Ligand SMILES: *Cc1c(COP(=O)(O)O)cnc(C)c1O
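In the UniProt record's numbering, the protein residues as written are 1 to 212.
As structure tokens, this is what we get:
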């Protein structure tokens, strides 16, 4: 298990003391690891499956944890996802999905627009060239979605320059949205978080490296 204090210091160093929020992704571990991280001070956790999010939430309901939903959302899971009331839905991946969730939400749901900056078929998210337009449309039309920013997953590549390019492109979109009040640029996972932070990320989602 990672030493959280050391990791957070390392993150501060990479970001030149800019605030970068850590979301601990617990999708491949049990509640035992979640509690270990909580005992080191971690509050924000992420899950990519509604079922598992609900399960951990229930088991750990006596802990003051904040849950993020970060996975691809199937239409038939929308109501279930909403019952978990995540602190942040990071993976709104299309205008259509935004409409569907907005229609059923009975509360204000903090949301990030997921952008497929890497342009990979296996990844969800809106095309980068439609990102701003889609963001503004959701902001205008989806009154139950409280859009807070954007999210992306880095290119699946060993080429660091290629990975950096996805993050830099995403950060440019984030900057262009600055005048519309964006706050969160969520990018960076275990294999690429240093590159993501150097490209301007202010929220990283770390899984595997925390539990080694
Ligand atoms: C699994 C996952 C992560 C964490 O990935 P690691 O490589 O384990 O750090 C981050 N974001 C999303 C959307 C994920 O599905």
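Even for Gly, the Cβ is constructed at its ideal location relative to N, Cα and C.
Treat the numbers as computed from the prediction; the structure is a model and nothing was measured.
Straight-line CA distance for residue i to residue j?
i, j, result
"residue 194", "residue 114", "20 angstroms"
"residue 3", "residue 40", "8 angstroms"
"residue 225", "residue 75", "There is no way to answer for residue 225, as the model of the chain reaches only from 1 to 212."
"residue 126", "residue 96", "11 angstroms"
"residue 128", "residue 182", "16 angstroms"
"residue 212", "residue 28", "12 angstroms"
"residue 78", "residue 89", "11 angstroms"
"residue 138", "residue 152", "17 angstroms"
"residue 71", "residue 106", "21 angstroms"
"residue 53", "residue 60", "10 angstroms"
"residue 108", "residue 176", "24 angstroms"
"residue 68", "residue 184", "13 angstroms"
"residue 62", "residue 161", "44 angstroms"
Taking a contact to mean a Cβ-Cβ separation below 8 angstroms, would you say residue i touches residue j in this structure?
i, j, result
"residue 38", "residue 73", "no"
"residue 30", "residue 57", "no"
"residue 171", "residue 207", "no"
"residue 169", "residue 117", "yes"
"residue 34", "residue 80", "no"
Here's a check: name, in chain order, each residue in its chain whose Cβ is nearer than 8 angstroms to the Cβ of residue i, leaving out the five neighbours to either side.
i, result
"residue 143", "102"
"residue 163", "154, 155, 157, 192 and 195"
"residue 43", "64, 65 and 66"
"residue 204", "11, 20, 21, 22, 23, 186, 187, 188, 189, 193, 196 and 197"
"residue 120", "155 and 156"
Output needed for residue i: all residues of its chain with C-beta closer than 6 angstroms, excluding positions within five of it in sequence on either side, in chain order.
i, result
"residue 18", "none"
"residue 11", "20"
"residue 15", "197"
"residue 209", "190"
"residue 215", "Outside the modelled stretch of the chain, which goes from 1 to 212, sits residue 215, for which no answer is possible."
What is the DSSP secondary structure of residue i, reduced to helix, strand or coil?
i, result
"residue 49", "coil"
"residue 110", "strand"
"residue 87", "coil"
"residue 2", "coil"
"residue 177", "coil"
"residue 153", "coil"
With a threshold of 7 angstroms on Cβ separation, who are the neighbours of residue i within its own chain once the five nearest residues in sequence on each side are excluded?
i, result
"residue 147", "111, 113, 135, 138 and 139"
"residue 166", "117, 118, 152, 154 and 155"
"residue 100", "75 and 78"
Residue ranges of each alpha helix (DSSP H) within the segment 8-84, 4 or longer: As far as the segment 8-84 is concerned, its whole alpha helix (DSSP H) runs of at least 4 residues are 31-39, 50-59 and 78-83.
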